[in-house]
Structure formats: C-alpha cells, structure tokens
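**Q** One structure coming up, written as structure tokens, with questions to follow.
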Amino acid sequence: MFKTKRSNIDILLQPGALYNKQNGIVLPDTIRDAIYLAKALGERYVWVDCLSIVQDACSEEMEITLRAMARIYASADFTIVASDGNDADHGLRGVGGPSKNRIPSPQSYSHLWSAYPEDSKWASRGWTFQESLFSRRLLIFGSAVSWMCGRCEWREGIHMLRCTEDIHTTEENEWPAERPHLGVPMGMMSLIPTIPSLGRWGMLLENFSSRHLTYEKDARAAFAGATEIMNATFPEGILYGMPKFFFDIALLWLPKDFVLRREGEPSWSCMGWKDGIIDCLSAWYPFYANIFRDSNHSSDWVPIATLRSVAEYRMADTADGIDAGFNGFYEYQAFRDSSCRQLPTGWRRHRHPNGDYFTNILSSRKYSFPLPGVSSAKRQIHTPSAPVLHCFAPCATLTFGCTVTCDKTHRMMMVLCNGEEMVGNLTLMCNIKENIPPHGSLCELIAILAAETSLPERVAQRGWPIMSFGKDRKLLSSTARSDEGGVSFYNVMWIQWVGNIAERRGLGIVHKEFWDALEPEPREIILG
136 MFKTKRSNID ILLQPGALYN KQNGIVLPDT IRDAIYLAKA LGERYVWVDC LSIVQDACSE
196 EMEITLRAMA RIYASADFTI VASDGNDADH GLRGVGGPSK NRIPSPQSYS HLWSAYPEDS
256 KWASRGWTFQ ESLFSRRLLI FGSAVSWMCG RCEWREGIHM LRCTEDIHTT EENEWPAERP
316 HLGVPMGMMS LIPTIPSLGR WGMLLENFSS RHLTYEKDAR AAFAGATEIM NATFPEGILY
376 GMPKFFFDIA LLWLPKDFVL RREGEPSWSC MGWKDGIIDC LSAWYPFYAN IFRDSNHSSD
436 WVPIATLRSV AEYRMADTAD GIDAGFNGFY EYQAFRDSSC RQLPTGWRRH RHPNGDYFTN
496 ILSSRKYSFP LPGVSSAKRQ IHTPSAPVLH CFAPCATLTF GCTVTCDKTH RMMMVLCNGE
556 EMVGNLTLMC NIKENIPPHG SLCELIAILA AETSLPERVA QRGWPIMSFG KDRKLLSSTA
616 RSDEGGVSFY NVMWIQWVGN IAERRGLGIV HKEFWDALEP EPREIILG
C-alpha cells in the first residue's frame, strides 16, 4: 500500500499529486472512496494515517505525532469506518463516484442492537483502538451504513432513533460515564476525567489487550494517544502503562487467559504481555471503591480491603533512594481513619453506619477516600532508558503444590506450600498445562503489598480470582480464622531470573501469619 515517506514527500506536496498518473501513485480503494466521500459531504480535509504521517520519520517526530493522535481524532468532524472487508482495497461501496456498487442486505435492518461494528476486523485491530475511543462521531460502512455520535445513532433502513440516554444514567450537562464497549457513546475520552480514574484506565487496558497487532513492537505506539490523555489525570504520570500514583494496586492486574511475553516491555507491566486479555477491573476491585458504577449501595464506597505498603520503588535512571512519585494514594487513603484532618480542597466527608464516604464538588460519585484533582497532576509520561525498576521488598521462598481451578473464573492456579501446609495460591502468566512447575519445586516470591479484609467471602463473590480455589474453598476457610473473622494477607509476585534481572511470572496471595513466620529478607532487586 502506498505510504508517505521522506523519499516522496516533495512529490506529494505538489497540487494534484495523488491523481497525477505520471507519479505512479495507486491509492487503495478505501482511501480513494474516503477522499471522494469527504468532498461530496462538503469537507475540505481528510486525514489518512498512511498519507498524513511520514512513515519513516525520525523517532522524535513520530513520537510527537503518535501522542497527538487523540487530539486529531477528537478534533475531527467525524471518522469514516470501513468495517467490511479485510484490507484497504475493499472500498466504501455505494458512495458514488469511482466506488463499487453495494447491495444492502434486508437482514441488516431486522435488528436494533448497537450499530458499533464489534465483530469486524476494524474493531479487533490495535491501531484502530483510538479511533472509536476519541472520535466524536463515526460514519460506519458495513452491511448497512450507520452514524454514531455521543448521544444517538442512526442506521440505514431503520426509522427508529436509538439514544444512549436510554441505557446510561446521566446528569444534566454530564457525559455518560459508562458504556458497554468502547463505541458507545462516541468520544468517551474527548472529556478528561476531573478526578484520577483508575477504573477508566483499567477499562482502556483491558480493551486494548483484546486487540491484535501485526507487529508487537507497535503496542506502545498504538496506545500512545490514550496514554497521553490519561497521563494528565494521574499525579506523577504513567509508567509503562501503570499509573505511578496507584502503582501497588496497578501491579495486581491478572491475565484472563494465558499470555506470552512481549519483547522490549517490562514483565511487571501488562504492556509486557501479549496474546491474551488482561483483567484489571476485577483484580483491582477489592482495593479501590467505586471502580465500576454508582448504585447508591454502600458496596460502592466501603473498601473491601485496606492496603499497607511493604515495597519501595525507584526508576533505573533516578538517583539512589526512595522515589516519592510512587503510590501517592496511601496518603489519601489515610483520610479514612483521620476524621480530624482537614480534607483536600473540594472534598467533603459523609458519615454512614457502613462506613464514611467522600464526595467532591466536581462529581456526584461516592469515594472511599479523597483524591487529588487533575490540576495537580504532572503532565509527563515516564519513559526510562531501560524498562526496569529498582525494587526493595521482602523476599521469601515457598514450594509449588498442586493445581486448582477458580470457581469464578475457571482459571487454573498453583497452590503455594510451606512443607506440607497450604499457605497461598498463585496465578501464572504462562500456560499452566504446558509449563506446570514440578510439585515441590521452589518458588521465589516478593511481597508487593499487605492487605486486610473483614469480608473474605465478599471478595470471592466479587470475582477476585486469587481469593478462592473452588467449591470447597479450602484456602478461604483456612485464612478466615482470625479472632475478628477477617483475613490478613500479602499480595506476592513470583519472580524468575534472566541474568541479573527478575521477571514477573505469576501473582498470588500468602496468608500473613505464614508469610511472617518465614522471616522474609528485605532485598533490593531489579525488576524488568
């Protein structure tokens, strides 16, 4: 397919260059039809990635362009989606001019579900992820032609209007907060959150992990627009896909399926894995209230588990010592138990028998603790010279036991043992059937945070997969035996060494009593 490069940019800058046969330029049918359609609709400009971006530009210029893609899509009047066909030669059929004819299928008019082309190749590609995320309007060419915007959608052959207000609870002047997929409503990311939103970031990571890339090295570039926009909402920015402000929580992501390593990205980040969908929302849920929706039930703001920091981090290119940019949320979590402390500007505490909650003047939602405003977030994206972290954390060794199946996710996991006693469990990154660690083999672990919950059953019911084994709930019953009926545990990471670099191979829990009895040794390791 023809692309703009440094070698032909001078030719393309000449008027009529795309239609001058002497230049030898042959445009794919879809691009040719899109140019014709834009002109027919009275538009003066059309953006086409392969033509509007110099494909072999220097890395600095390319990075600037990729980070600007969010604003490019959000600023467009509409985005044309070619959801039919498998390549750029399929065309936008039926638009007139040089396009091929289109025969609409009557079956395409017989249903009223969303016009978003969820099952199309377009919706599965990594490079098109940001189009539906940031575009305010989509003009979709599939078996039928559809128009989608932030409030309504129109479909060819259907006279009934479908409005997103019918399926989303909104306040006056407030954009719909949620949608069933990244296409409804359009332009969700055209409005930046006013408060750091770990839930929205998790949704973006999960959706992007389901996309396919021809070249895995393009993963960070294809996600750059989303990172650029959301980076401004998190204090200290985003580090390889992980918000530094919520770093301990962000590390708790899990694979929904077995995943493989992505070269060039760190193993501790979900960006460092491919060929499987990442689970952020359910893995983070027990630790961050109000991550899904606001139902006005206390479960939305009362934390299922409270956290305590046990590990320290600093980036490889910073000076020795603790990097204060990590895990700033602990400072705000402390407001739960400090009723006498003055709250950050704009926040108010509300008393409730099931647990106090907090509200902000910029949002109607209930939070389990206040958060900093977007204005206090530093607009920077951390890209260290090497994808490694210096981590100072408690380390200990257990042994692998048998395999078990989580009754909520049907994910296979490994039992962690101390001698013959079961003390925890572990979810692996790789295919456990093909790469099962031998029974009794050693498992080197680091503790990444401590957690406590008085509602272990609720944690399991909420689908947190590393809290429950199966119907017998052996681990759950063995851990819920403290005097108060609660559970204290450590989230642990299984590491394997590649030279002097430790890589993440699994994530799990170990009961606090058993872990402390091991007298874990604090060590500094390099995570890559």
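The numbers in the working numbering rise by one with no breaks, and the one at position 82 of the sequence shown is 217. Just so it is clear, CB atoms sit at the ideal spot from N, CA and C, and this is done for glycine as well.
What number of angstroms, rounded off, separates the C-alpha of M557 from the C-alpha of V280?
**A** The straight-line gap from Cα to Cα measures roughly 58 angstroms.
**Q** Let me check one thing: in DSSP terms, what residues is E659 bridge-paired to?
**A** BP columns for E659 point to F527.
**Q** Are there 16 or more other CB atoms within 10 angstroms of the CB of P655, so buried, or fewer, so exposed?
**A** Under this definition P655 is a buried residue.
**Q** Need the endpoints of the beta strand (DSSP E) that A521 sits in, please.
**A** Here A521 belongs to no beta strand (DSSP E), and DSSP marks it neither H nor E.
**Q** Compare the beta carbon distance of M283 and I275 with 8 angstroms and say whether it is the shorter of the two.
**A** Against a cut-off of 8 angstroms, the Cβ pair of I275 and M283 comes out as a contact.
**Q** Under 8 angstroms: do the region 438 to 446 and the region 347 to 367 share three or more Cβ pairs, one atom per stretch?
**A** With a cut-off of 8 angstroms, the region 347 to 367 and the region 438 to 446 do not count as touching, because too few Cβ pairs lie within range.
**Q** Alpha carbon to alpha carbon, how far is P233 from T349? Give it in angstroms, no decimals.
**A** Going by the C-alpha atoms only, they are around 30 angstroms apart.
**Q** For R608, which residues from the same chain have a beta carbon less than 6 angstroms from its beta carbon, with the 5 sequence-adjacent residues on both sides left out?
**A** Because the pLDDT at R608 is just 43, under 50, the model does not fix this residue reliably, and the value given afterwards should be weighed accordingly. Cβ within range, chain order: n/a, list empty.
**Q** Anyone know if the C-beta pair for I581 and C530 falls short of 8 angstroms?
**A** Going by C-beta atoms, I581 is nearer than 8 angstroms to C530.
**Q** Which of helix, strand or coil does DSSP assign to M628?
**A** M628 falls in the strand class under three-state DSSP.
**Q** My output table needs one value for W436: the three-state DSSP class, helix, strand or coil.
**A** In the structure shown, W436 sits in coil (DSSP, three-state: anything other than H, G, I, E or B).
**Q** Please confirm if the region 212 to 222 is in contact with the region 363 to 382, defined as three or more CB-CB distances below 8 angstroms between the two stretches.
**A** The answer is no - the region 363 to 382 does not touch the region 212 to 222, with fewer than three Cβ pairs under 8 angstroms.
**Q** Candidates S332, W388, Y467: which alpha carbon is nearest T368's?
**A** When only C-alpha atoms are compared, the closest one is S332.
**Q** Select from C578, V539, L563 the residue whose C-alpha is nearest the C-alpha of G554.
**A** Nearest option by C-alpha distance: C578.
**Q** So for E466, helix, strand or coil by DSSP?
**A** Helix, per DSSP.
**Q** Look at the alpha carbon of H347 and the alpha carbon of R260, and state the distance between them as a whole number of angstroms.
**A** So the alpha carbons of these two residues sit roughly 5 angstroms apart.
**Q** Assign I166 to one of three DSSP states: helix, strand, or coil.
**A** In the structure shown, I166 sits in a helix (DSSP, three-state: H, G or I).
**Q** Go ahead and label L497 buried or exposed: buried means 16 or more other beta carbons lie within 10 angstroms of its beta carbon, across all protein chains shown.
**A** With fewer than 16 other Cβ atoms within 10 Å, it is exposed.
**Q** Do you know offhand how far I302's Cα is from P252's?
**A** In this prediction, I302 has a pLDDT of 40, which is less than 50 and means its spatial position is unreliable; nothing more can be read from the coordinates.
**Q** Quick check: what's the CA-CA separation for R639 versus S344?
**A** One C-alpha to the other measures close to 18 angstroms.
**Q** Any idea if S436 is buried or exposed, counting beta-carbon neighbours within 10 angstroms, 16 or more meaning buried?
**A** Looking at the sequence provided, one finds Trp at residue 436 rather than Ser. Buried, because 16 or more other Cβ atoms sit within 10 Å of the Cβ of W436.
**Q** Near T532, which residues of its chain fall below 6 angstroms by C-beta distance, leaving aside the five closest residues on each side in sequence?
**A** Around T532: L577, E579.
**Q** I need the DSSP call for I330, collapsed to helix, strand or coil.
**A** Coil at I330, not helix or strand.
**Q** Assuming I144 is part of the alpha helix (DSSP H), what are its boundary residues?
**A** Counting along the chain, the alpha helix (DSSP H) containing I144 begins and ends at 144 to 147.
**Q** Ends of the beta strand (DSSP E) at L577?
**A** Per DSSP, L577 belongs to the beta strand (DSSP E) from 577 to 588.
**Q** DSSP state of W257, grouped into three classes?
**A** Correct three-state label for W257: helix.
**Q** When the distance is taken between beta carbons, is F380 closer than 8 angstroms to F493?
**A** No, the Cβ-Cβ distance between F493 and F380 is not below 8 angstroms.
**Q** So for I188, helix, strand or coil by DSSP?
**A** The answer is coil: DSSP assigns I188 none of H, G, I, E or B.
**Q** Identify which residue in I238, A586, R486 has its Cα closest to the Cα of E291.
**A** Measuring from the Cα of E291, the nearest candidate turns out to be I238.
**Q** With distances taken Cα to Cα, identify the nearest neighbour of P163 among P591, R206, P522, K138.
**A** When each option's Cα is compared against that of P163, the closest is K138.
**Q** Quick one: grab the DSSP three-state call for A357.
**A** In the structure shown, A357 sits in a helix (DSSP, three-state: H, G or I).
**Q** Give the straight-line distance between the Cα atoms of T614 and R397, rounded to the nearest whole angstrom.
**A** Reliability fails at T614, whose pLDDT of 44 lies under 50, so the model's placement of it is uncertain and the value that follows must be treated cautiously. In a straight line, the C-alpha of T614 is about 35 angstroms away from that of R397.
**Q** Could you compute how far the alpha carbon of A354 sits from the alpha carbon of Q265?
**A** Distance between the alpha carbons of A354 and Q265 is about 12 angstroms.
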